[in-house]
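Step one of this worksheet: look at the structure below.
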Amino acid sequence: MSRKRTVVLISGRGSNMTALIAAASDPTYPAEIVGVISDRANAAGLGIAQSRGIATKVIQRADHPNKDAYDAAIDAALTGFGADIVALAGYMRILGRGLVEKWQGRMVNIHPALLPAFKGLDTHARAIRAGVRIHGCSVHFVTSEMDDGPIIAQAAVPVMVGDNEDTLAARVLKVEHRLYPLALGLVAEGKARMEKGHTVLAHFADDADNATSVVMAPDPLREETDLEQLARITP
Ligand code: GRF
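Here the sequence shown is numbered in the working numbering, starting from 3 and rising by one per residue.
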């Protein structure tokens, strides 16, 4: 099986990118990370990628006369890397419709909320304000509507009494780092595909031993450390 060449787009810290690089350091993982593109020259993730020997490229909006030219530069860089899959990981720009449609089904994103709830920014503060008891993250195929594409996989965490935005963000981020490698792996293997605006998932019957799952759900009453044990298969 040839591993899918994956380019990660970031804007900042790059912790999800780091999780994808770590997963892909296993030669049996179905995707390899061949490049990282940032729209910000000072993104901390760039240094991390370089330290792992991964090629990086900075493509700043300000260096391009308009959005179409910027999108064209991104597309050219993706083609230059020979990308099969594009993984947005904390990439803070909205890509244009043409670019998104060209890569549709091959471009994924992680969003720090259980979509379709809390699209957009400040998801953790909004979840606390809304009083939800369960929060989490979603990996989805990218479409031209922001945070709206078909969901591939989700992980849930409890919202605990006394949580603030930071404690909740940290709990979600921990499961993001497990969920994104899982979801990218499914896409790279062809087990999660986008068809007619929906995600089609392969059946997992033959994967039971690996406990491959598209849902990670905690028992809200247990300690967080137990979450590692709680990934489970749902039909
Ligand atoms: C993550 O919470 C991700 O879900 C969101 O932006 C944040 C990026 O963090 N889209 P990092 O750069 O991966 O550390």
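For every residue, glycine included, the Cβ atom is placed at its ideal position computed from N, Cα and C. These numbers were taken from a predicted model, which means no experiment stands behind them.
- With a threshold of 7 Å, the Cβ atom of G14 counts as near the ligand GRF, since some heavy atom of the ligand is closer than that.
- Per DSSP, the continuous alpha helix (DSSP H) segment holding M19 begins and ends at S17 to A26.
- Between the region 19-32 and the region 105-125, the count of C-beta pairs closer than 8 Å stays below three; the two stretches do not touch.
- Only residues of its own chain outside the window of five on either side were considered, and among them G98 have a CB closer than 7 Å to the CB of K69, listed in chain order.
- Counting only the Cα atoms, W105 lies some 15 Å from L186.
- With a threshold of 16 other beta carbon atoms within 10 Å, Q62 falls short and is exposed.
- Comparing alpha-carbon positions, the option among A85, V134, P152 and E191 lying closest to E167 turns out to be V134.
- P29 carries a coil assignment under DSSP once its states are collapsed to helix, strand and coil.
- With a cutoff of 7 Å, N18 counts as near the ligand GRF, since its C-beta is closer than that to a heavy atom of the ligand.
- Relative to I96, the option among D149, M19 and K193 whose CA is nearest is D149.
- Distances taken from the Cβ of L175 to the heavy atoms of the ligand GRF include one shorter than 7 Å.
- For L11 against L90, the beta-carbon gap comes to about 5 Å, under 8 Å, which counts as contact.
- Between the beta-carbon of V38 and that of T20 there is about 10 Å, and that puts the pair past the 8 Å contact cut.
- The beta carbon of L203 lies closer than 6 Å to those of A194 in the same chain, with the five residues before and after it left out.
- In this structure, the CA atom of S17 is about 15 Å from the CA atom of N44.
- Judged by beta-carbon spacing, G107 lies beyond the 8 Å limit of R7, meaning their Cβ atoms are not closer than that value.
- Within the region 72-135, the runs of beta strand (DSSP E) at least 3 residues long that lie entirely inside it are, in chain order, 87-90 and 109-113.
- Taking the Cα of V159 as reference, the smallest distance to any Cα among T169, G151 and P152 is reached at T169.
- The three-state secondary structure of R63, taken from DSSP, is helix.
- Judged by DSSP in its simplified three-state form, E167 adopts helix.
- Here Q52 is exposed, its C-beta having fewer than 16 other C-beta atoms within 10 Å.
- A residue is called buried once 16 or more other Cβ atoms fall within 10 Å of its Cβ, and A25 is buried on that count.
- Residues V102, Q106, G151, P152 and G199 of the same chain have their beta carbon placed closer than 8 Å to that of T145, with the five preceding and five following residues left out of the count.
- Annotated as proximal: V88 and V9, with beta-carbon spacing under 8 Å.
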